[in-house]
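Asks:
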Ligand code: FES
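Residue numbers (the numbering used here), protein chains in the order written: chain H, 4 to 200; chain G, 11 to 585.
#1: Verify whether the separation of the beta carbon atoms of residue 489 of chain G and residue 398 of chain G is less than 8 Å.
#2: Could you confirm whether any beta carbon from chain G is found closer than 8 Å to the beta carbon of residue 92 of chain H?
#3: List, in chain order, every chain H residue whose beta-carbon is nearer than 8 Å to that of residue 426 of chain G.
#4: Confirm, please, whether the CB-CB distance from residue 435 of chain G to residue 80 of chain G is below 8 Å.
#5: Any beta carbon from chain G within less than 8 Å of residue 129 of chain H's own beta carbon?
#6: Would you say residue 151 of chain H touches the ligand FES, meaning its beta carbon is less than 7 Å from a heavy atom?
#7: Closer than 8 Å is the cut-off here; do at least three beta carbon pairs connect the segment 429–445 of chain G with the segment 464–476 of chain G?
#8: With 8 Å set as the bound, which would you pick, yes or no: does the beta-carbon of residue 74 of chain H sit closer than that to a beta-carbon of chain G?
#9: Only counting the same chain, and skipping five residues up and downstream in sequence, which positions put a Cβ closer than 7 Å to that of residue 105 of chain H?
#10: Rounded to whole angstroms, what is the Cα-Cα separation between residue 174 of chain H and residue 121 of chain G?
#11: Excluding sequence positions up to five away, which residues of its chain have a Cβ less than 7 Å from the Cβ of residue 147 of chain G?
#12: Going residue by residue through the segment 296–348 of chain G, where are the continuous beta strand (DSSP E) segments of at least 3 residues, counting only ones entirely within it?
#13: Report yes if the C-beta of residue 548 of chain G is less than 7 Å from at least one heavy atom of the ligand FES; otherwise report no.
#14: Name, please, each residue of chain H whose Cβ falls closer than 8 Å to the Cβ of residue 66 of chain G.
#15: Please go through the same chain and pick out, in chain order, the residues whose beta-carbon is closer than 6 Å to the beta-carbon of residue 573 of chain G, but skip the five residues on each side of it.
#16: In the DSSP assignment, find the alpha helix (DSSP H) that holds residue 556 of chain G and state where it starts and stops.
#17: Can you tell me which residues form a DSSP beta bridge with residue 292 of chain G?
#18: Using a Cβ cut-off of 8 Å (strictly closer), state whether residue 177 of chain G contacts chain H.
#19: Under a three-way DSSP split, which group does residue 119 of chain G fall into?
#20: Quickly, what does DSSP pair residue 149 of chain H with across the bridge? List them, please.
#21: Indicate whether the contact test is met: 3 or more Cβ pairs, each with one atom in the segment 200–209 of chain G and one in the segment 158–168 of chain G, closer than 8 Å.
#22: Relative to the alpha-carbon of residue 364 of chain G, which residue among G/309, G/395, G/353, G/322 has its alpha-carbon at the smallest distance?
#23: In the DSSP assignment, what are the bridge partners of residue 120 of chain H?
#24: With three or more C-beta pairs closer than 8 Å as the rule, is the segment 213–223 of chain G touching the segment 242–250 of chain G?
#25: Quick test of the definition: if touching needs 3 or more C-beta pairs under 8 Å, does the segment 88–97 of chain H touch the segment 39–47 of chain H?
#26: So which residues on chain G does residue 150 of chain H lean against when the C-beta distance must stay under 7 Å?
#27: For residue 30 of chain H, name the three-state secondary structure that DSSP assigns.
#28: Could you tell me the distance, in whole angstroms, from the CA atom of residue 165 of chain G to the CA atom of residue 51 of chain G?
#29: At the 8 Å Cβ level, is residue 167 of chain H part of the contact set with chain G, yes or no?
#30: Could you tell me if the beta carbon of residue 142 of chain G falls within a distance shorter than 7 Å of some heavy atom in the ligand FES?
#31: Would the C-beta of residue 169 of chain H count as close to the ligand FES, meaning under 7 Å from any of its heavy atoms?
#32: Which term fits residue 100 of chain H, buried or exposed, when burial requires 16 or more other beta carbons within 10 angstroms of its beta carbon?
#33: Say yes only if the C-beta of residue 139 of chain H is nearer than 7 Å to one or more non-hydrogen atoms of the ligand FES, and no if none qualify.
#34: Rounded to whole angstroms, what's the CA-CA distance from residue 256 of chain G to residue 293 of chain G? Just pull it up for me.
#35: Can you tell which of H/37, H/150, H/47 has its C-alpha closest to the C-alpha of residue 191 of chain H?
#36: Consider the Cβ of residue 558 of chain G: report whether some Cβ of chain H lies at a distance smaller than 8 Å.
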């Protein structure tokens with residue numbers, strides 16, 4: 004088999020892993036983690052920067068996100084001090100641009116131009132959310148933690164739609180200011196796993 | 011009582027609650043565990059991971075046997091209140107039972123009544139990334155217990171009260187280091203091996219002083235510069251090459267040698283770490299006094315399949331080829347049933363044969379080196395399929411050996427294949443590093459498969475399969491225990507059953523549905539002349555992942571609906 008079809012791809016993801024799963028958010032150097040404010044949870048007026056890839060560290064603008072996904076992993080950054088809040092993995096978020104008409108009533112007010120953000124740390128055992136794939140049930144793409152296959156629907160406040168996760172991902176309200184994505188409030192809900200990891 | 015007087019004790023009580031929940035109170039008359047007791051455990055106790063140092067998973071108790079097992083009934087249960095995979099054996103020492111749960115809890119129970127004495131709850135860090143949220147049990151020494159934690163500490167508890175006596179950090183959990191195994195206790199040393207092969211760590215086995223928690227020695231499973239075997243690695247690969255040692259070792263009391271299994275090389279595709287990669291996917295013979303590597307045997311070279319070989323081989327005196335062989339027996343994740351010999355000059359290959367279907371090996375050289383079919387060896391930039399799957403023919407759940415029947419009982423998985431596309435990816439400390447994207451990993455059922463899980467009975471003297479029991483709708487992911495009553499006890503299936511088979515014939519003699527699925531290890535013990543069988547039911551971790559995978563395969567008819575939540579089940583024969 005050369006490259007898996009969509010159907011196979013879905014199966015493959017659900018298959019999950021024998022001893023491991025994927026994660027890719029880079030950890031910063033110790034010095035950066037120690038910078039004052041780096042382990043503070045995302046704060047109002049923070050900007051978001053790419054967490055990985057060629058543009059890691061660059062501020063995310065709405066036009067950088069493709070409608071319908073994929074989801075992008077991001078860190079909050081204090082625009083005044085330029086400190087990226089990488090000091091705790093609990094600060095990492097996933098950002099995805101959706102059709103605003105698809106968002107439910109509690110999700111829409113936290114979105115900006117259809118863009119929503121959630122904690123990237125799975126509420127089950129604390130793995131990172133790494134996949135944007137077709138749901139196990141239904142045709143929509145969802146946020147997925149491949150550690151134990153939990154799926155979260157970003158259109159409905161990231162409620163759990165599959166897998167062992169006990170609760171939704173914490174939501175991060177967004178706004179657009181000066182052409183950049185900014186944080187409009189603190190996390191709604193608890194970022195992190197159900198019990199110490 | 012003044013307000014202040016009232017406040018102080020209540021504050022103290024609530025502080026205590028964070029580490030030790032109140033139970034009925036301390037264990038009275040605890041039996042201290044000595045070196046002699048561990049070497050020759052009383053038949054009614056289960057104080058080591060596999061009951062005895064040889065790792066056979068055999069109980070000499072026979073009051074519950076093939077003729078009365080049909081009358082086995084639950085006598086008490088205990089709900090742990092914890093979800094995820096409950097993988098530890100209930101450890102029993104003269105009427106006191108100790109179980110562990112995911113998230114690092116230890117619960118002390120009265121083994122006869124199920125009454126709780128005390129509970130230790132570890133407070134894990136909020137930012138912990140628990141890839142394998144589980145624990146495989148406490149080690150015992152004198153009047154202390156030892157717990158290895160997923161945030162990479164070893165903790166000593168007072169066996170009578172659960173009070174923390176010492177707490178030693180092993181390495182940094184933020185770098186992907188973690189512990190899930192039951193510590194091996196040898197002559198006052200607490201010996202553990204690290205998990206984290208998926209994070210690009212350098213594997214190790216480490217010993218601590220049981221009284222103080224002070225580190226005594228640490229042996230890396232990947233040799234550093236100047237050490238023998240270092241030449242089997244290229245460049246700096248040895249620093250991040252995996253070979254974790256995340257399961258409890260076994261111990262040869264006579265020669266004072268520990269046998270410890272090691273995991274796969276990292277990342278997965280062999281092309282990313284050229285060479286044989288000692289001592290990944292091996293068994294190491296270690297000196298318990300100083301950790302020195304006396305000998306080794308590598309089950310396969312340049313691992314490319316994620317085939318951990320961490321389950322330590324069983325030590326068995328085997329009658330084979332007209333002589334007694336001091337053997338090591340290991341049904342491997344790599345699908346080969348290995349018979350090795352513990353010779354004074356080192357570990358030697360005796361025989362090997364596939365116990366499930368595999369397309370990876372074309373044979374085994376006389377030295378014991380398996381011959382790989384390159385068409386089924388994952389590499390960079392190409393998708394490669396191989397059988398068995400990543401989970402192998404038998405994963406970490408233990409096989410058992412009966413001193414009565416002289417057979418080996420294997421929790422095997424048949425008809426699973428898998429594959430992935432290898433990729434060169436940068437290592438970021440603390441983040442997973444597989445050498446592939448999860449989107450590219452697959453598990454497939456072989457066309458025409460009629461079953462998945464297979465409980466097998468092998469004669470290691472002849473290499474013949476004596477019987478097998480097939481599970482048409484489930485994989486088999488649970489450790490096996492065998493008793494002198496000729497009962498083979500195992501859970502491991504997704505129908506929540508706990509079962510007893512006839513050790514000689516494979517006949518299913520008894521089964522009981524439990525609250526969840528069983529990935530825990532069954533044990534047999536005795537209190538006041540009554541024999542009990544105990545096991546934890548609590549589905550999760552890899553058993554659940556395989557189930558998810560099966561549930562998404564067309565025409566297999568498997569649902570992923572096993573409820574979670576841990577319960578200790580204890581059975582006895584109804585009189
Ligand atoms: S940690 Fe995400 S599903 Fe388990």
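Note that CB positions come from ideal geometry on N, CA and C, so glycine has one too.
Replies: Let me lay it out:
#1: no
#2: Interface residue, yes.
#3: Result: empty, since nearest Cβ-Cβ is about 10 Å, beyond 8 Å.
#4: Contact check for residue 80 of chain G against residue 435 of chain G fails: the beta carbons are separated by 8 Å or more.
#5: yes
#6: yes
#7: no
#8: Taking Cβ atoms only, chain G never reaches closer than 8 Å to residue 74 of chain H, which makes this a no.
#9: 158
#10: 46 Å
#11: 59, 98, 99, 101, 110, 192
#12: 303–308, 324–330, 333–341
#13: no
#14: Contacts between residue 66 of chain G and chain H, judged by CB atoms closer than 8 Å, are missing: the closest CB pair is about 26 Å apart.
#15: For residue 573 of chain G, the CB contacts under 6 Å within the same chain, skipping 5 residues up- and downstream, are 526 in chain order.
#16: Unbroken alpha helix (DSSP H) run through residue 556 of chain G: 551–561.
#17: G/308
#18: no
#19: strand
#20: According to DSSP, which records beta bridges pairwise, residue 149 of chain H is partnered with nothing at all.
#21: yes
#22: G/309
#23: H/98, H/175
#24: no
#25: yes
#26: 141
#27: Low confidence applies here, because residue 30 of chain H scores a pLDDT of 42, under 50, leaving its location unreliable; read the following figure in that light. In this structure, residue 30 of chain H counts as coil in the three-state DSSP scheme.
#28: 24 Å
#29: Residue 167 of chain H has a beta carbon lying within less than 8 Å of a beta carbon in chain G.
#30: no
#31: no
#32: buried
#33: no
#34: 12 Å
#35: H/47
#36: yes
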